[in-house]
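**Q** Each residue of the sequence shown is one higher than the one before, counting from 1 in my numbering. This is the structure I have questions about; it appears just below.
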Amino acid sequence: MAELTFWGGVDTVTGSCFLLEIGGLRIVVDCGMFQGGTEWEERNYEPFPFDPKGIDYLILTHGHLDHCGRIPLLVKQGFSGKIICTSATYDIAKVVLMDSARVQEEDYEHWRKIWLRKGEKPRPPLYTTLEALDAIRMFGSFAEYNEPVELNSRVTVTFRDAGHILGSSYLIIQIKGGKRIIFSGDLGNTNKPIIKDPQPPEPADVMIIEST
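Here it is in structure tokens:
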């Protein structure tokens with residue numbers, strides 16, 4: 001039996017994060033940062049509504065901040081499973097995460113002085129460059145398009161080209177003798193000069209489609 005919970009990417013287009021539980025297997029698809037104003041960005045400081053220590057896999061569709069920006073937080077809160085993505089997504093995500101950490105550290109130094117003058121306790125950055133590096137070191141399981149990756153004896157994930165940015169993917173999660181689930185990630189357009197067209201999807205029992 002499979003259970004899907006939406007923990008981001010709903011009510012807003014940012015903060016993509018989905019928890020898929022199949023038997024004892026626990027998979028998080030994307031772990032993005034909330035963006036779009038103070039109301040949404042405050043959600044980045046909330047603890048994850050699931051136990052990161054119990055997650056077996058984090059599967060990343062692509063390297064934009066709203067899909068990968070909270071990975072260092074997931075690691076800080078105890079995630080020690082495997083991160084699976086394409087090699088191009090890794091190349092982009094490591095730059096995005098390091099830049100995100102640098103911006104947060106600079107913002108912290110700026111606001112720290114203001115908070116202290118007001119007698120308020122400064123709030124630390126979501127994560128530091130060292131914590132971003134800790135998360136980046138956990139990448140290492142790189143998928144090729146169209147080649148199934150075995151998660152356990154019953155479940156595989158296949159990456160298809162989403163045509164959004166370099167390395168972007170939509171995911172086909174196949175349960176042996178059971179359902180086929182597709183996560184769209186962000187899909188690109190056709191007839192673009194640099195990025196390939198999105199690969200046509202195959203039939204699925206459940207399809208989770210983002211609006212971006």
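Glycine is no exception: its CB is placed at the ideal position from the N, C-alpha and C atoms.
Which same chain residues, not among the five before or five after D197, have their C-beta less than 6 Å away from its C-beta?
**A** Locating residue 197 in the sequence shown gives position 197, where the first residue counts as 1. Result list for D197: G163, T190, in chain order.
**Q** Could you pull out every residue in the same chain whose Cβ sits closer than 6 Å to the Cβ of G69, ignoring the five residues on either side in sequence?
**A** Taking the first residue of the sequence shown as 1, we reach residue 69 at position 69. G32, M33, S100, listed in sequence order.
**Q** Would you grab the beta carbon distance between V215 and I71 for me? Rounded to a whole angstrom, and I think it's under 8 Å.
**A** What is shown of the chain runs 1 to 212, which leaves residue 215 out entirely.
**Q** Measure the C-alpha to C-alpha separation of I165 and V29 and round it to an integer number of angstroms.
**A** Position 165 of the sequence shown, counted from the start, is the residue given in the question as residue 165. Position 29 of the sequence shown, counted from the start, is the residue given in the question as residue 29. Approximately 17 Å, taken between the alpha carbons.
**Q** Excluding the 5 residues flanking H67 on each side, which residues of the same chain have their C-beta closer than 8 Å to its C-beta?
**A** Here residue 67 refers to the residue found at position 67 when the sequence shown is read from its first residue. Closer than 8 Å at Cβ, skipping near neighbours: S16, D30, C31, G32, L60, T61, G185, D186.
**Q** Rounded to whole angstroms, what is the Cα-Cα separation between L220 and V95?
**A** Nothing can be reported for residue 220: it is not among the residues displayed for the chain, which extend from 1 to 212.
**Q** Please report the residue range of the beta strand (DSSP E) in which E213 lies.
**A** Residue 213 lies beyond the range of the chain shown here (1 to 212); nothing can be said about it.
**Q** Are at least three pairs of beta-carbons, each pair with one atom in the segment 172 to 180 and one in the segment 135 to 154, less than 8 Å apart?
**A** With the cut-off at 8 Å, the segment 172 to 180 and the segment 135 to 154 touch.
**Q** Just the C-alpha distance for Y45 and G140, rounded to the nearest angstrom, thanks.
**A** Numbered from 1 along the sequence shown, position 45 holds the residue referred to as residue 45. Numbered from 1 along the sequence shown, position 140 holds the residue referred to as residue 140. Answer to the nearest angstrom: the Cα atoms are 27 Å apart.
**Q** Does the segment 118 to 134 come into contact with the segment 85 to 92, if we say contact requires no fewer than three beta-carbon pairs (one atom in each stretch) closer than 8 Å?
**A** Touching, no, given that fewer than three Cβ pairs across the two stretches are closer than 8 Å.
**Q** Which residues in the same chain have their Cβ closer than 8 Å to the Cβ of S169, if we skip the five residues on either side of it in sequence?
**A** As a working note, residue 169 is residue 169 in the sequence shown. Excluding sequence neighbours, S169 sits near T61, H62, C85, T86, T89, A143, Y145, F159, R160, D161, A162, G185.
**Q** Identify the continuous beta strand (DSSP E) that holds L25 and give its terminal residues.
**A** Looking up residue 25 in the sequence shown gives position 25. 25 to 29 is the span of the beta strand (DSSP E), which, as asked, contains L25.
**Q** Let me know if T14 comes out buried or exposed under the rule of 16 or more other beta-carbons within 10 Å of its beta-carbon.
**A** Numbered from its first residue, the sequence shown carries residue 14 at position 14. Buried is the call here.
**Q** Excluding sequence positions up to five away, which residues of its chain have a Cβ less than 6 Å from the Cβ of R26?
**A** Counting from 1 along the sequence shown, the entry for residue 26 is found at position 26. Contacts found: G54, I55, D56.
**Q** Where does R154 sit, in a helix, a strand or coil, going by DSSP?
**A** For the purposes of this step, residue 154 is taken as the residue at position 154 of the sequence shown. Looking at R154 - three-state DSSP - the assignment turns out to be coil, as it is neither helix nor strand.
**Q** For W40, I'd like the list of residues in its chain whose CB is within less than 8 Å of its CB, leaving aside the five on either flank, ordered along the chain.
**A** Indexing the sequence shown from 1 puts residue 40 at position 40. Excluding residues within five positions, the ones whose Cβ falls inside 8 Å are T12, T14, G15, F34.
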